[in-house]
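Asker: Residues are numbered in our numbering as their position in the sequence shown, beginning at 1, plus a constant of 334.
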Amino acid sequence: MTISRAGRRILRSDRLRRALCWLIHGYIHLVYRTNRWQVEGAEGALRLRAEGRGFILAFWHGRLLMIPMAWQRLAPMHMLISAHRDGRIIADAVTYFGVRSIAGSTRRGGSAALRTMVKRLKDGDCVGITPDGPRGPAMTASLGIVNLARLSGAPIVPITYATSRRRVWSSWDRFHLPLPYGRGVYLWGEPIALAADLDEAGLDEARRLLETRMVALTREADRRVGAASPPPQPSPIEGEGAQRKPSPLMPYLYRALTGLLTPLAPALLHWRARRGKEDSARIGERRGIAGRKRPEAPLVWVHAASVGEATAILELIERILRERPGCEFLVTTGTVTSARLLAARLPAGARHQFVPLDLPLYVARFLDHWRPDLALWVESELWPNLVLATRARGIPLILVNARLSARAYTRWRRHPGLITPMLGAYALCLAQSEEQAERFRRLGAGAVASLGDLKAAAPPLPVDPVALRRLSRQVAGRPLWLAASTHDGEEEIAAAVHRAVGSRHERLLTIIAPRHPARGDAIAAMLRGRGLRLARRSRDERIEADTDVYLADTMGELGLFYRLSEIAFIGGSLCARGGHNPFEAARLGCAVMFGPDTGNCAAMAEALLAAGAAETVTRDSLAEAVSALL
Numbered sequence: 335m336t337i338s339r340a341g342r343r344i345l346r347s348d349r350l351r352r353a354l355c356w357l358i359h360g361y362i363h364l365v366y367r368t369n370r371w372q373v374e375g376a377e378g379a380l381r382l383r384a385e386g387r388g389f390i391l392a393f394w395h396g397r398l399l400m401i402p403m404a405w406q407r408l409a410p411m412h413m414l415i416s417a418h419r420d421g422r423i424i425a426d427a428v429t430y431f432g433v434r435s436i437a438g439s440t441r442r443g444g445s446a447a448l449r450t451m452v453k454r455l456k457d458g459d460c461v462g463i464t465p466d467g468p469r470g471p472a473m474t475a476s477l478g479i480v481n482l483a484r485l486s487g488a489p490i491v492p493i494t495y496a497t498s499r500r501r502v503w504s505s506w507d508r509f510h511l512p513l514p515y516g517r518g519v520y521l522w523g524e525p526i527a528l529a530a531d532l533d534e535a536g537l538d539e540a541r542r543l544l545e546t547r548m549v550a551l552t553r554e555a556d557r558r559v560g561a562a563s564p565p566p567q568p569s570p571i572e573g574e575g576a577q578r579k580p581s582p583l584m585p586y587l588y589r590a591l592t593g594l595l596t597p598l599a600p601a602l603l604h605w606r607a608r609r610g611k612e613d614s615a616r617i618g619e620r621r622g623i624a625g626r627k628r629p630e631a632p633l634v635w636v637h638a639a640s641v642g643e644a645t646a647i648l649e650l651i652e653r654i655l656r657e658r659p660g661c662e663f664l665v666t667t668g669t670v671t672s673a674r675l676l677a678a679r680l681p682a683g684a685r686h687q688f689v690p691l692d693l694p695l696y697v698a699r700f701l702d703h704w705r706p707d708l709a710l711w712v713e714s715e716l717w718p719n720l721v722l723a724t725r726a727r728g729i730p731l732i733l734v735n736a737r738l739s740a741r742a743y744t745r746w747r748r749h750p751g752l753i754t755p756m757l758g759a760y761a762l763c764l765a766q767s768e769e770q771a772e773r774f775r776r777l778g779a780g781a782v783a784s785l786g787d788l789k790a791a792a793p794p795l796p797v798d799p800v801a802l803r804r805l806s807r808q809v810a811g812r813p814l815w816l817a818a819s820t821h822d823g824e825e826e827i828a829a830a831v832h833r834a835v836g837s838r839h840e841r842l843l844t845i846i847a848p849r850h851p852a853r854g855d856a857i858a859a860m861l862r863g864r865g866l867r868l869a870r871r872s873r874d875e876r877i878e879a880d881t882d883v884y885l886a887d888t889m890g891e892l893g894l895f896y897r898l899s900e901i902a903f904i905g906g907s908l909c910a911r912g913g914h915n916p917f918e919a920a921r922l923g924c925a926v927m928f929g930p931d932t933g934n935c936a937a938m939a940e941a942l943l944a945a946g947a948a949e950t951v952t953r954d955s956l957a958e959a960v961s962a963l964l
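(1) Grouping DSSP H, G and I as helix and E and B as strand, with all else coil, what is Ile-490?
(2) Should His-604 go down as buried or exposed, given a rule of 16 or more other Cβ atoms within 10 Å for buried?
(3) How about the region 841–856 and the region 814–829: do they share at least three Cβ pairs that are nearer than 8 angstroms?
(4) In three-state terms, what does DSSP make of Thr-881?
(5) How about Leu-648 and Arg-609: are their beta carbons less than 9 angstroms apart?
(6) Once the 5 residues before and after Pro-632 are set aside, which same chain residues still bring their CB inside 6 angstroms of it?
(7) Do Ala-698 and Leu-548 have their beta-carbon atoms positioned less than 9 angstroms apart in this structure?
(8) Output the distance between the C-alpha atoms of Gly-625 and Pro-694, rounded to the nearest integer angstrom.
(9) Could you work out which residue in Thr-474, Ala-475, Leu-414 is closest to Arg-449 when comparing CA atoms only?
(10) Between which two residues does the alpha helix (DSSP H) holding Met-548 run?
(11) Please classify Leu-722 as buried or exposed, where buried requires at least 16 neighbouring CB atoms within 10 angstroms.
(12) Can you round the beta-carbon distance between Ser-767 and His-914 to whole angstroms, since I take them to be within the 8 angstroms contact cut?
(13) Here's the rule: buried if 16 or more other CB atoms are within 10 angstroms of the residue's CB, otherwise exposed. What is Glu-918?
(14) Mind checking which residues open and close the beta strand (DSSP E) that includes Leu-802?
(15) Starting from Asn-719, trace the beta strand (DSSP E) both ways and give me its first and last residue.
(16) Pop quiz: His-395 and Arg-454 are said to be a contact at Cβ under 8 angstroms. What is the actual Cβ separation, rounded to whole angstroms?
(17) Express the C-alpha separation of Ala-379 and Val-670 in angstroms, rounding to a whole number.
(18) Buried or exposed: which applies to Val-800, given that a residue is buried once 16 or more other Cβ atoms fall within 10 Å of its Cβ?
(19) In whole angstroms, what separates the C-alpha of Thr-596 from that of Val-712?
(20) Cβ of Ala-475 less than 9 angstroms from any chain D Cβ?
(21) Note down the Cα distance separating Ser-907 from Ser-739, rounded to an integer number of angstroms.
(22) Under 7 angstroms Cβ to Cβ from Thr-592, same chain only, skipping five residues before and after it: list those, please.
(23) Along the chain, where does the alpha helix (DSSP H) that runs through Tyr-696 open and close?
(24) I'd like the list of long-range same chain contacts for Gly-443, defined as Cβ closer than 6 angstroms, with 5 residues on each side in sequence excluded.
(25) Measure the Cβ-Cβ separation of Gly-516 and Thr-744 and say whether it is below 9 angstroms.
(26) Per DSSP, what kind of secondary structure is Val-365 in: helix, strand or coil?
(27) Rounded C-beta distance between Leu-521 and Thr-494? I'm assuming under 8 angstroms.
(28) Does DSSP put Gly-758 in a helix, a strand or coil?
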């Protein structure tokens, strides 16, 4: 259900929000007491309760309002509530019915929420989930709920309701507001039990089974009260936010509009160069002007956005070079940091260039010069001009290790006129997981397969053994921990953790390896401003006995610091950046911690948590976690 701007202002006031929750509570009771209700199919749920077993109660997002009255406090109930502003009012309202909320999402790497739900279910409690929440598509089940059932061993019990008098809102979930003084029906479905050893295909089959049963149950409930059935399922291009077919004119319109921006591009690039976001010596590459000659051999073009994607693709490049030694590689990225990393790690037969801006003139220059024979794009890089121009020249495109965050997926659904032609340009889309594969299918991709995450198959990060020996001698005997791939705000948290933990662990050393080493000066100034004694890797400064923080402000050396420390916090997870690859630390024997935001690496994070190899922390609990691990 979507809350208006006025509603959001109410949510910011605790007093008004509590009053609104009381009104909702009273309205639910009014509807329940003034309608004549019929309940069918609850025997399976009651049998599970009699046996003391918990189960997952599944109901559509648009029909959650009356679910607490169906439950009637038969057992401890917990409901998964999305941890955003709209979810707060739902969480507050359900407490009046004895339902406890769990903040998180089964779709966006809610690892802490997942662990909590598994524990509650194994304790014999029950958990309520909307498989199509929090953003849809409506009445389409996600893989999150079947994964929870597999991990916990708890069955899924579908439930729905319908009333003869109601209002259906024009929200994404077609929210049903039941009205008083009519007829109502609750329909319970038979429990669905899942085997613990299901593979991806089995999980997707279970998801489809759950979705089919829930849709059928909902239609039957509507039929019982004489109400109209829900609208048919949206097509892959007609879902939430995109109620029209894609226009064939959109790519041409995009090309024309971006063409008009070309005169402004040089000024933008020079402005970015002054801020350290472009390499001034290679700025021509961003305008499609090649910095190197094209090799005569067949050329494979690999495009990755930044450091993480570039690192993931290195092993694939080396594998192809071993099997096709006659090939050459062109690797393009868009960031200065990734260019520095690749300069040191690209194998012979591969060269790096900056990707051109997605402007028609620059794209044409780039393709005219390089003329690749095959294009491999990594993860979620989707630039309309570059993709469609490549396809127009007959160059086969493959999307490798493909993924879309829930936010990006929702955003692209609003622009079917661009995303459908773009994905249609790829001859093959290889997704990280079956859930990701389904997202690409719904957006219009043709041939889609799920082969797993390339980052999970990458070798351990490299290390300079001489540097490792030297630093190991400097830190010998000291307790230490590493904050890796940190972003703005996370270094301040690491500094506070050092203060808190240092009082309990003498001679503590904190190593901070920022994701973007160019921020080294600013981070150093912040640390010194907090009274911390500092040594910087970029200046080759020694770690002395009184050094508090070692600032690892260099590129491509995380393998060194993961080997040096046995405890690693993975950044980007406490500052809404989606987190970074935790497998890199785990492969090198580190105890791993990360924040709640792991949307970029959700499957890896959940796998580590399930294996007991990682811990989810908050800015308030990080110090305690570090101290306990030390």
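The beta-carbon is built from N, C-alpha and C at its ideal position, and this holds for glycine as well. These numbers were taken from a predicted model, which means no experiment stands behind them.
Answerer: Taking the coordinates as given:
(1) strand
(2) exposed
(3) yes
(4) coil
(5) no
(6) If you ignore the 5 residues before and after Pro-632, its C-beta comes within less than 6 angstroms of the C-beta of Cys-661, Asp-707, all in its own chain and listed in chain order.
(7) The question names Leu, but residue 548 is Met in the sequence shown. Their beta carbons are not under 9 angstroms apart, which means Met-548 does not touch Ala-698 by this criterion.
(8) 19 angstroms
(9) Leu-414
(10) 534–559
(11) buried
(12) Contact doesn't hold; Cβ gap of about 18 angstroms is too wide.
(13) Buried.
(14) Element bounds for Leu-802: not the beta strand (DSSP E) but the alpha helix (DSSP H), 799–808.
(15) In the DSSP assignment, Asn-719 falls outside any beta strand (DSSP E) and lies within the alpha helix (DSSP H) extending over 718–726.
(16) At roughly 21 angstroms, the Cβ-Cβ gap does not stay under 8 angstroms, so His-395 and Arg-454 are not in contact.
(17) 57 angstroms
(18) exposed
(19) 26 angstroms
(20) Protein chains in the displayed structure number just one, and chain D is not present.
(21) Linking Ser-907 to Ser-739 through their CA atoms gives a straight-line distance of about 14 angstroms.
(22) Asp-692, Leu-693, Pro-694, Asn-719
(23) 694–704
(24) Unreliable positioning characterises Gly-443 in this predicted model, as indicated by a pLDDT of 43, which lies under 50. The coordinate reading is nonetheless provided below. Around Gly-443: Thr-932, Gly-933, Ala-936, Ala-939.
(25) The beta carbons of Gly-516 and Thr-744 sit no closer together than 9 angstroms.
(26) helix
(27) 6 angstroms
(28) In this structure, Gly-758 counts as helix in the three-state DSSP scheme.
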